[in-house]
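Below: the structure, in structure tokens.
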Amino acid sequence: MKKGEMTIMKFSICNEMFEGWKLDEVFAYSAELGYDGVEVAHFTICDSVTEVSKTERERIRRSAEKSGVEIVGIHWVLISPKGLHISHPDPEIRLKTRDYLHELIDFCGDLGGRVIVFGSPQNRNTIEPLTKEEAWNFAKETFNHCCPHAQERGVIVCIEPLASYMTDFINLPEDGVKLIEEVNHPNFKLILDTYSMNCNNVDMAKAVKDCSQYLEHFHINDDNRSWPGSGGIDYAPVAKSLSEIGYDKYVSVEVFDFKPDPKTIAVESMKSLKKIFAL
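Read in order, the letters of the sequence shown correspond to residues 46 to 324 in my numbering.
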């Protein structure tokens with residue numbers, strides 16, 4: 046798709062806010078509201094993805110298909126099991142993390158997902174006595190190692206710039222681009238998140254255009270950590286930029302405040318998405 050052409054963006058929603066719901070129920074309800082996809086946080090169904098059998102992965106994939114939604118991919122990937130870190134000073138922990146990333150890639154691929162969102166702020170912070178440069182290089186090694194397997198499985202690993210209060214590793218879109226260009230692999234790309242960009246005073250519209258060649262996924266949320274349109278972010282400029290670059294991938298709702306309830310959040314988010322993108 047060429048820049049400036051009419052784009053049809055796809056909308057998805059992250060499942061962790063549906064506390065206590067089975068994935069099948071999330072798929073069906075999301076489809077009912079008009080979402081095209083669901084983004085899965087594995088901790089809602091298991092501690093480690095290695096606990097989920099091939100048979101169950103296939104069942105989950107078919108359940109989404111039956112409901113009429115795609116499994117977009119996975120996120121919050123290193124929240125469990127505990128003790129994982131991409132740039133830890135201990136080489137054994139880095140090895141364990143690298144191996145688990147391979148498991149995550151397989152899990153995502155088995156579900157039919159395409160995107161792995163790498164946020165996981167506590168699993169990427171610089172740990173003393175490492176310098177920032179040493180931590181950067183260890184992280185780069187970790188991603189370098191997993192990207193060929195991601196390519197084999199048709200999965201894109203996306204680094205997510207996060208608010209500076211969450212982590213000291215990759216805060217700005219240009220930081221993400223720097224890492225992407227150093228890793229230099231077609232299956233390592235970028236996700237942008239409106240909450241984190243707002244926290245870091247990023248010009249969102251400019252960031253989308255500047256990073257367009259690497260932008261694979263997009264999280265939308267508001268400055269109050271809730272659904273888009275419930276806070277103070279002005280989405281018009283960034284929506285315009287997404288349209289102008291021909292972005293036709295997923296815009297995914299990710300909230301951190303689960304109040305008042307999942308149905309209200311999902312309904313109000315879809316209303317806002319249609320308004321923001323003038324559908």
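All C-beta atoms, glycine included, are put in the ideal place defined by N, C-alpha and C.
Note that the coordinates shown come from a computational prediction; the quantities given were computed from them, not determined experimentally.
Cβ-based neighbour list, residue i, same chain, cut-off 7 Å, excluding 5 preceding and 5 following
i	result
S317	W272, P273 and G274
N170	T212, D213 and F214
M51	Unreliable placement is indicated for M51, whose pLDDT of 47 sits below 50; the coordinate value is still reported in the next sentence. Hits under 7 Å: none found.
G113	A76
D92	S125 and P126
F163	V122, V202, C203, I204 and E205
V73	The sequence given here places Ala at residue 73; Val does not occur at that position. Result list for A73: S112, in chain order.
D81	K55, F56, S57, V114 and E115
H120	C59, E84, A86, V162 and G164
I105	L68 and L156
First and last residue of the uninterrupted beta strand (DSSP E) at residue i
i	result
G157	Neither: G157 is in no beta strand (DSSP E) and is coded neither H nor E.
F233	F233 to D238
S75	Counting along the chain, S75 falls outside any beta strand (DSSP E), though it belongs to the alpha helix (DSSP H) covering L68 to L78.
E261	L260 to I265
S57	K55 to C59
I105	Unbroken run through I105 is the alpha helix (DSSP H), K99 to S112; no beta strand (DSSP E).
Residue i, buried or exposed, once every other Cβ within 10 Å from all chains shown has been counted against 16
i	result
S209	exposed
F301	exposed
G128	exposed
A109	buried
P231	exposed
P307	buried
A323	exposed
R107	exposed
L68	buried
R139	buried
D279	exposed
I53	exposed
N216	buried
G158	buried
S297	buried
S165	buried
E197	exposed
N168	buried
K304	exposed
G49	With a pLDDT of only 43 at G49, under 50, the local geometry of the prediction cannot be trusted, and the value read off the model is given with reservation. Exposed is the call here.
D144	exposed
D268	exposed
K320	exposed
T309	exposed
G221	buried
T100	exposed
Chain-order list of residues whose beta-carbon lies under 8 Å from that of residue i (same chain, five-residue window excluded)
i	result
K285	A250
C225	What sits at residue 225 in the sequence shown is Ile, not Cys. Excluding positions up to five away in sequence, the list reads I204, F233, K234, L235 and Y259.
K254	S286, E289 and I290
N189	V228 and H230
T187	I131, S132, R139, T142, R143 and L146
Contact belief for residue i with residue j at Cβ below 8 Å, rounded distance in angstroms
i	j	result
H264	E227	Contact doesn't hold; Cβ gap of about 23 Å is too wide.
M242	L78	Their Cβ separation, rounded to whole angstroms, is 26 Å, which puts M242 and L78 out of contact at 8 Å.
P218	V247	6 Å
V117	V71	Not quite, the Cβ-Cβ distance comes to about 12 Å (not below 8 Å), so this is no contact.
G154	V97	Their Cβ separation, rounded to whole angstroms, is 13 Å, which puts G154 and V97 out of contact at 8 Å.
P134	P174	7 Å
R102	F152	7 Å
K223	H262	Not a contact, Cβ separation roughly 18 Å.
Proximal residues to residue i (C-beta, below 6 Å), its chain only, five neighbours per side dropped
i	result
S132	A180, F183 and A184
C59	E84 and E299
L146	C191
Y240	N266
D177	Looking at the sequence provided, one finds Lys at residue 177 rather than Asp. Taken in chain order, the residues that qualify are T171.
E61	A86 and T89
E148	V94 and T95
C244	A208
I150	H194, A195, R198 and V200
Residue-chain proximity (residue i, chain B), Cβ-Cβ < 8 Å
i	result
L149	The structure shown contains no chain B; it holds only a single protein chain.
Bounding residues of the alpha helix (DSSP H) (the contiguous stretch that carries residue i)
i	result
V83	Premise fails: V83 lies in the beta strand (DSSP E), G82 to A86, not in any alpha helix (DSSP H).
V117	That residue, V117, is in no alpha helix (DSSP H); its beta strand (DSSP E) goes E115 to H120.
K251	M249 to D255
Run through the region 187 to 229 for me and flag every whole beta strand (DSSP E) of 3 or more residues, listed as ranges in chain order.
-> 201 to 204
Which parts of the region 269 to 306 are runs of the beta strand (DSSP E), unbroken and 3 residues or longer, counting only runs that do not cross its ends?
-> 295 to 298
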